[in-house]
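A short write-up of the structure that comes next.
Chains as they are written, first to last, in the numbering used here: chain A, 1 to 210; chain B, 1 to 210.
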């Protein structure tokens, strides 16, 4: 096999506008509401910028609120289907900390803050990342119904499975704001302005008849 | 927030030894057994090289058998907990094809060949990647029992959920060889030679008393 034909590296990079958006954000965000407000700002801008879907996530040090990394969904910008907001934020945090285990020896308690319950891929990414807390704006059918994205199958006991691995879950932090952003995103999709990049469109297919 | 403190890019790169290993591999691998044999070679070498766990995956064009990309678990080499073999192979294939959807218009049928049923994160990554076929050496408790890795919770209907999204599953391709590699890896772990990087060690914790 000709070695030159085989791709050897992949990656993703935050777009310039995320750094602009972060410029006026304090180094530390004291409460989960402060943290989620930043997530919502990034999620609401991401699809307007054409970088990906209406999703964002940040990793913070739970106690101090120091922002370690910020991610948005970069599927469209990076060309990588795995570059969901959670994977971006977790990977950037691990790059910064020089550790594949954000919960390893000497690490502070790291918290992932995200604007909905993660899809099945990102659920797994949370499990293996070393974060000890997951904070979500909400869960439920609104995301799939309003945006057309498929979240994949997750068991009823998804939160218990996280807890069993030492990851606590906090829900319903500024939930209404999350739903509002998904609704506006759905309107943009209907008007033909944005790409629902989810490859197989399974949610649409499964619910077309209902 | 000081923009210079925020990390802005992440990524992973195949180690040199993978390219060496691929040098004598034909451009096309005609059968699933040929494909799995390559996967087993890469998986068996990966942990000896210290790049990650005993896992590998390749993306091929199903009909011609043309190898599009090859991945190994790069958690240790990249410092990214998400850099499992499947994510590496899929991301490299998408980089090469310039497409976040390997099943999009104009694409051939892409197949992911991997040496066990994917963990919950990589299961989701398969769902969103656009591959139309998943070929696995095996599934079952051997992986967790022999290696100590946690695979996370997947529903009983995991294969049906893939099929519902247009992804067919083929199982039991050179299964015994996969189990043999996991066994050898487990022996190396017992002898203290390698790192089980799975962050929370949940499998060990959950089964310690059994």
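Even for Gly, the Cβ is constructed at its ideal location relative to N, Cα and C.
In terms of Cα proximity to residue 11(B), the closest of 155(B), 88(B), 66(B) and 106(B) is 88(B).
Pairing residue 80(A) with residue 195(A) gives a Cβ-Cβ distance that is not under 8 Å.
The three-state reading of DSSP puts residue 197(B) in coil, since its state is none of H, G, I, E or B. With three or more CB-CB distances shorter than 8 Å, the stretch 128-136 of chain A counts as touching the stretch 102-115 of chain A. Sequence-distant partners of residue 82(B) (beyond 5 residues in either direction) whose C-beta falls short of 6 Å from its own C-beta are missing from its chain.
The stretch 148-157 of chain A makes no contact with the stretch 170-181 of chain B, as fewer than three CB pairs between them are under 8 Å. A Cβ-Cβ contact shorter than 8 Å links residue 96(A) with residue 68(A). A contact between stretches requires three or more CB pairs, one per stretch, nearer than 8 Å, and the stretch 26-43 of chain A fails this requirement with the stretch 112-124 of chain B. The Cβ of residue 30(A) sits no closer than 8 Å to any Cβ of chain B. Between the alpha carbons of residue 164(B) and residue 117(A) lies a gap of roughly 22 Å. For residue 136(A), the enclosing beta strand (DSSP E) starts and ends at 133-136. Taking a Cβ-Cβ threshold of 8 Å, the residues of chain A close to residue 11(B) are 9, 10, 11 and 12, in chain order.
By the rule that beta-carbons nearer than 8 Å mark a contact, residue 114(B) does not touch chain A. Judged by DSSP in its simplified three-state form, residue 161(A) adopts helix.
Within chain B, 1 have C-beta atoms less than 8 Å from the C-beta of residue 26(A), given in sequence order.
Here residue 46(B) is buried, its C-beta having at least 16 other C-beta atoms within 10 Å.
When DSSP states are grouped into helix, strand and coil, residue 111(A) belongs to the strand group. At least one C-beta of chain B is nearer than 8 Å to the C-beta of residue 95(A).
Residue state for residue 170(A) is assigned as strand, using DSSP reduced to three classes.
Your pair residue 127(B) and residue 120(A) checks out as a contact, with CB atoms roughly 7 Å apart and the cut at 8 Å. Residue 69(A) is bridged by DSSP to 59(A). In the three-state scheme derived from DSSP, where H, G and I count as helix and E and B as strand, residue 156(A) is classed as coil.
DSSP places residue 9(B) in the strand class (E or B) of the three-state scheme. Each of 74(A), 166(A) and 159(A) was checked against the Cα of residue 16(A), and the nearest Cα belongs to 74(A).
Contact between residue 146(B) and residue 186(B) holds, with the beta-carbon distance rounding to 4 Å and staying under 8 Å. When the beta-carbon positions are compared, residue 59(A) and residue 42(A) stay at least 8 Å from each other.
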